[in-house]
Each structure stands twice: as structure tokens, then as C-alpha cells.
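Participant: In the working numbering, the protein residues as written are 160 to 230.
Note that beta-carbon positions come from the ideal geometry of N, C-alpha and C, so glycine has one too.
Sharing a structure below in C-alpha cells format, with a few things to ask.
Structure (C-alpha cells):
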């Protein structure tokens, strides 16, 4: 699990659609969660041309999309 400095749980990949930090989700109080993509270390994983097969070789134990077992 990746937690942003603002305490938002980040889920990189899938063009950023699943990430709570993409600027399209609301918190429990109904407030829009600000987009934090510009400062995110995982932003490259969310770009359209990112090869999701790279998740198979990812060695980041915090990433929820890490598929190679490095946890």
C-alpha cells in the first residue's frame, strides 16, 4: 500500500483511474480529494503508454500492483 504525504492511498497504474489521488474521488465528508499526480513518484505508471507488463518485474514492495512477489 502506498500512502501519499497527504494520507491518501495511491494505486498507480491503469491510467490512474483507480487511484484516490487522481482528482476524481471524494473523501468520506464529500469533499473532492485534490489531484496529487504532479508530485507522485509513481506517476509514470499511470501514463497511457506505460507497459503494465512491467508490473511483473516491479521490485517496489509498497506498490499494490507489484505482481512478482516482492513484498
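1) On the CB-based measure, 16 or more other CB atoms within 10 Å of its CB, does residue 190 come out buried or exposed?
2) Using the Cα positions of residue 209 and residue 185, report the straight-line distance between them to the nearest angstrom.
3) Compute the Euclidean distance between the alpha carbons of residue 170 and residue 199, then round it to the nearest angstrom.
4) DSSP puts residue 162 in a beta bridge; with which residues?
Facilitator: Quick look at the numbers:
1) exposed
2) 26 Å
3) 11 Å
4) 168
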